[in-house]
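Working notes for the structure below.
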Amino acid sequence: MPLLTGLAWLLLCQTAGELLARLLQLPLPGPVLGMLLLLVALRWPQVRTPVGAVADALLAHLSLLFVPVGVGVMTHLGLLS
(Lines of atoms letter the chains of each structure in order from A and count residues from 1; the text may use other names and numbers.)
(Lines give C-alpha, C1' and ligand atoms only; values in the text may rest on other atoms or scores of the structure.)
Protein backbone atom coordinates (compact mmCIF):
# COMPACT_ATOMS: atom_id res chain seq x y z
CA MET A 1 0.00 0.00 0.00
CA PRO A 2 2.85 2.49 0.56
CA LEU A 3 3.73 2.24 -3.13
CA LEU A 4 0.26 3.37 -4.19
CA THR A 5 0.26 6.14 -1.63
CA GLY A 6 3.67 7.35 -2.75
CA LEU A 7 2.69 7.22 -6.41
CA ALA A 8 -0.47 9.16 -5.58
CA TRP A 9 1.64 11.85 -3.88
CA LEU A 10 3.93 12.11 -6.91
CA LEU A 11 1.00 12.43 -9.31
CA LEU A 12 -0.81 14.86 -7.02
CA CYS A 13 2.20 17.19 -6.85
CA GLN A 14 2.69 16.94 -10.62
CA THR A 15 -0.96 17.76 -11.31
CA ALA A 16 -1.05 20.58 -8.77
CA GLY A 17 2.06 22.10 -10.33
CA GLU A 18 0.51 21.96 -13.80
CA LEU A 19 -2.71 23.54 -12.53
CA LEU A 20 -0.86 26.32 -10.72
CA ALA A 21 1.27 27.10 -13.77
CA ARG A 22 -1.77 27.32 -16.03
CA LEU A 23 -4.19 29.09 -13.69
CA LEU A 24 -1.72 31.68 -12.43
CA GLN A 25 0.04 31.96 -15.82
CA LEU A 26 3.43 31.66 -14.17
CA PRO A 27 6.59 31.63 -16.30
CA LEU A 28 7.71 28.39 -14.61
CA PRO A 29 6.84 24.99 -16.10
CA GLY A 30 4.30 22.89 -14.24
CA PRO A 31 6.73 20.05 -13.45
CA VAL A 32 9.09 22.51 -11.74
CA LEU A 33 6.27 23.80 -9.56
CA GLY A 34 5.25 20.21 -8.85
CA MET A 35 8.79 19.41 -7.71
CA LEU A 36 8.73 22.43 -5.40
CA LEU A 37 5.41 21.28 -3.95
CA LEU A 38 6.86 17.81 -3.46
CA LEU A 39 9.90 19.30 -1.73
CA VAL A 40 7.61 21.07 0.73
CA ALA A 41 5.49 17.94 1.23
CA LEU A 42 8.56 15.79 1.93
CA ARG A 43 9.03 17.57 5.25
CA TRP A 44 6.29 15.34 6.72
CA PRO A 45 7.09 11.69 7.49
CA GLN A 46 3.61 10.64 6.32
CA VAL A 47 4.65 11.74 2.83
CA ARG A 48 8.38 10.99 3.00
CA THR A 49 8.06 7.26 3.73
CA PRO A 50 5.73 6.24 0.86
CA VAL A 51 7.43 8.55 -1.65
CA GLY A 52 10.78 7.05 -0.65
CA ALA A 53 9.42 3.55 -1.27
CA VAL A 54 8.21 4.54 -4.75
CA ALA A 55 11.50 6.28 -5.52
CA ASP A 56 13.45 3.14 -4.58
CA ALA A 57 11.19 0.98 -6.76
CA LEU A 58 11.46 3.33 -9.75
CA LEU A 59 15.23 3.71 -9.42
CA ALA A 60 15.64 -0.07 -9.29
CA HIS A 61 14.09 -0.29 -12.77
CA LEU A 62 15.41 2.98 -14.20
CA SER A 63 17.24 1.30 -17.06
CA LEU A 64 13.95 -0.11 -18.40
CA LEU A 65 12.59 3.42 -18.74
CA PHE A 66 15.33 4.28 -21.25
CA VAL A 67 14.49 1.42 -23.65
CA PRO A 68 11.54 3.18 -25.40
CA VAL A 69 13.59 6.35 -25.79
CA GLY A 70 16.50 4.44 -27.32
CA VAL A 71 14.22 2.59 -29.72
CA GLY A 72 12.56 5.86 -30.73
CA VAL A 73 15.91 7.50 -31.43
CA MET A 74 17.07 4.53 -33.50
CA THR A 75 13.78 4.48 -35.42
CA HIS A 76 13.98 8.17 -36.33
CA LEU A 77 17.76 8.40 -36.71
CA GLY A 78 17.38 9.74 -40.25
CA LEU A 79 15.41 12.73 -38.99
CA LEU A 80 18.07 13.57 -36.42
CA SER A 81 21.03 13.59 -38.79
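Each residue of the sequence shown is one higher than the one before, counting from 833 in the numbering used here.
Positions of the beta carbon are idealized from the N, C-alpha and C atoms, including for glycine.
- A direct Cα-to-Cα measurement between residue 882 and residue 863 gives close to 20 Å.
- Excluding five sequence positions before and after residue 886, the CB atoms of its chain that fall closer than 7 Å to its own CB belong to 835, 838, 839 and 842, given in chain order.
- Per DSSP, reduced to three states, the secondary structure at residue 857 is coil, with no helix or strand assignment.
- Residues 874 of the same chain have their beta carbon placed closer than 7 Å to that of residue 880, with the five preceding and five following residues left out of the count.
- Judged by DSSP in its simplified three-state form, residue 833 adopts coil rather than helix or strand.
- When secondary structure is reduced to three states using DSSP, residue 911 falls in the helix class.
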